[in-house]
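Residue numbers (my numbering): 411 to 1109. Contents: one structure, followed by commentary.
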């Protein structure tokens, strides 16, 4: 059972200015705070914090890599331009085409929301770039570098926690569209946005505190709120000790009580003196409509239940530099101005990068199929299977964009039952084997790849992980009719023995390189794959074979990208509470043997042979000395991936049994797979000689 999340201490929440209704709790994760009904706290699964941390890190890494690539191309163009200027052959090229494309893109984004949004203005997904900046970006492109900025779609946002974290923790994010079908979820999302990005307050950059990465932000907020309240009290008409008999309004009394409770000595002395004077609470003065509003920050004066239902924000007071006006006033289109006003009406900062949206996730994705309307990143994290959302997702993600998919239905994907359900949802049959979790990853990748190939798109898996009770895959989606032809050679069936787990992959196609001798050119030749002569019985133990798939047979990780993720993590390890586990999982993934299809567990193979279990060091060293590649697998503890076939791994165990761990044959039944496996010892005598068993002994 998943652990119950721990709510924020009520006193700490109150001191931070968070107003909770009856039956509600505040929860904090990294940079963000959300409010949930206490009865629904179980839906905020702490185990999924690893998922959110990993997703934030991967998107940051992907964005930084794209920014590096864009910067490199810009540097090359700039170098060519400088060379032409020096040679006197350079003429300025009009940027009309690229600027026109940008304006068309902005217009398209504005049109989409009119169809997709039910609860907010139709400009919700329009680019928030000010008009004067948008017009001048292309013109100034040659003068200075413009960083890569991107958009994100969280199709199933629920409380909005993930989107809020993306907005606070990912640089260069243009905006994220947080969508949910439930109107109550969208209402809760807006409340959480007002809590984290309150109107009337500048949005400050979040940075983790090295002294206390878990609660430092709340503690800093409490201290900042105290200072803000003290400053507001001093600047207001509240009496001092010298004028303790003056009348106080109920709001002023509440402010003094809260400040005194938070340790403000001066406020406590003023409150005590006022009470001793016996003065009565005065009615608040009527404010003229033309009079200027109070300059007290929204975070200081927490609204009461009778006056407002919106929670007080959790942000430090604005600094002078943050609130200062820019030298050049920012101008916006009328549609953008209306969108910003709508956010402010909800108590949300108009510069908030999270844009709430109420709508069907599938319909919303199909509305963004046009290349000019697509998102750079599409994040799918449903409760259960993501299969129904994948077809729309591969069309809604931009060329070269990132698709992040979570599936929590491992009982179907990696279980021993429901093959018919697995086929109906993912287009492939699960496998009864010890490597079922990696097979589950490959089934999901197969679903994404085949869905993308229908639209002349192909995928490149960047990172695919089996974690706790769910799967999380990150794939890059690109458009190329030529590369799409490779999908057949990367997809196929897998024939698996029901007893010894020996397996034989059967790809649906093959790709070969051919040379045209007359023209001297090289081209790729695509063809069908020859049939597999596996037969109905296993060649190793004689048991029956079963067929799994179709599934993805290509690489499930990009080693270079995994190392980039680790480098990004090392730059600021305190940014994520699950940094240690992320480092361990991604390191294992980065070091996995790319050409190995599945993993095996030596302890389970030793059980198959009824022999003592060799140490991992013994198994690894023997396989390495025999000329095979070996690595650990992230999917299961104690598992290994190797370029050796299953039959060759059996050869090692035959050698291990002969030299170090003899079998007690009295415990082995006649006709068992163990007797049939050991019956091949004489036939494979020459192959057994290649395994050198070191003297580490049994473990």
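Positions of the beta carbon are idealized from the N, C-alpha and C atoms, including for glycine. What you are looking at is a predicted structure, and each value in this text was computed from that prediction instead of being measured.
(message) Just verifying my parser: in three-state terms, what is the DSSP assignment at residue 1090?
(response) coil
(request) Use the C-beta contact count for residue 1084: other C-beta atoms within 10 angstroms, 16 or more gives buried, fewer gives exposed. (result) buried
(request) Please report the Cβ distance between residue 1087 and residue 950, rounded to the nearest whole angstrom; I am assuming they are in contact, meaning their Cβ atoms lie under 8 Å. (result) 6 Å
(message) Since residue 880 and residue 942 should fall inside the 8 Å C-beta cutoff, what is the C-beta to C-beta distance between them, to a whole number of angstroms?
(response) Going by Cβ atoms, the distance from residue 880 to residue 942 rounds to 32 Å, so no, they are not a contact pair.
(message) Assess contact between the segment 838–845 and the segment 1001–1020, defined as three or more Cβ pairs (one per stretch) separated by less than 8 Å. Is contact present?
(response) yes
(message) Among the candidates 1044, 830 and 946, whose CA atom is the shortest distance from the CA of residue 882?
(response) 1044
(request) Would you check if the distance between the CB atom of residue 563 and the CB atom of residue 789 is smaller than 9 Å? (result) yes
(message) Looking at the strands, I want to know which residues DSSP matches up with residue 765.
(response) 587
(request) Mind reading off the beta-carbon distance from residue 903 to residue 958? Whole number of angstroms is fine, and I expect it under 8 Å. (result) 7 Å
(request) Whole angstroms is fine: what's the gap from residue 977's alpha carbon to residue 955's? (result) 44 Å
(request) Classify residue 812 as buried or exposed, calling it buried when 16 or more other Cβ atoms lie within 10 Å of its own Cβ. (result) buried
(message) Does the structure place the segment 902–916 close enough to the segment 1026–1036 that three or more beta carbon pairs sit under 8 Å?
(response) no
(message) How far does the alpha helix (DSSP H) with residue 781 in it extend, from its first residue to its last?
(response) It is not in any alpha helix (DSSP H) - residue 781 carries neither H nor E in the DSSP assignment.
(message) For residue 841, report the span of its beta strand (DSSP E) as first-last.
(response) Unbroken run through residue 841: none, as it is neither H nor E.
(message) Mapping the DSSP letters down to three states, classify residue 557 as helix, strand or coil.
(response) coil
(message) Less than 9 Å between the beta carbons of residue 939 and residue 947, yes or no?
(response) no
(message) Within 10 Å of its beta-carbon, does residue 362 have 16 or more other beta-carbons around it, so buried, or fewer, so exposed?
(response) Nothing can be reported for residue 362: it is not among the residues displayed for the chain, which extend from 411 to 1109.
(request) Could you spell out the range, first to last residue, of the beta strand (DSSP E) harbouring residue 962? (result) 955–962
(request) Would you kindly check if the distance between the Cβ of residue 577 and the Cβ of residue 558 is under 9 Å? (result) no
(request) Using only alpha-carbon positions, find the residue among 756, 851 and 808 that is nearest to residue 795. (result) 851
(message) What does the Cβ neighbour count give for residue 420, buried or exposed, with the cut at 16 atoms within 10 Å?
(response) exposed
(request) Tell me, please, which residues DSSP counts as bridged to residue 931. (result) 926
(request) Would you kindly work out how many angstroms separate the C-alpha atoms of residue 994 and residue 1047, rounded to a whole number? (result) 12 Å
(message) Between which residues of its own chain and residue 500 is the CB-CB distance below 8 Å, once the five residues before and five after are set aside?
(response) 491 and 494
(message) Short of 6 Å in beta carbon distance, which residues of its chain neighbour residue 998, apart from the five on each side in sequence? Order them along the chain.
(response) 1042 and 1044
(request) State the DSSP-derived secondary structure class of residue 1060, mapped to helix, strand or coil. (result) helix
(message) Tell me the residue span of the beta strand (DSSP E) that contains residue 817.
(response) 807–817
(request) Taking all protein chains shown into account, decide if residue 1101 is buried (16 or more other Cβ within 10 angstroms of its Cβ) or exposed. (result) buried
(request) Taking residue 455 as the reference, give the member of 569, 806 and 983 with the closest Cα. (result) 569
(message) On the CB-based measure, 16 or more other CB atoms within 10 Å of its CB, does residue 1103 come out buried or exposed?
(response) buried
(request) Taking only the alpha-carbon atoms, compute the straight-line gap between residue 418 and residue 1052 and give it to the nearest angstrom. (result) 47 Å
(message) For the alpha helix (DSSP H) containing residue 458, name the first residue and the last one.
(response) Per DSSP, residue 458 belongs to no alpha helix (DSSP H) and is neither H nor E.
(request) From the DSSP output, read off the bridge partner residues of residue 916. (result) 903
(message) Whole angstroms are fine: how far does the CA of residue 802 sit from the CA of residue 829?
(response) 25 Å
(message) Using the Cβ count rule (16 or more neighbours within 10 Å means buried), how would you classify residue 554?
(response) exposed
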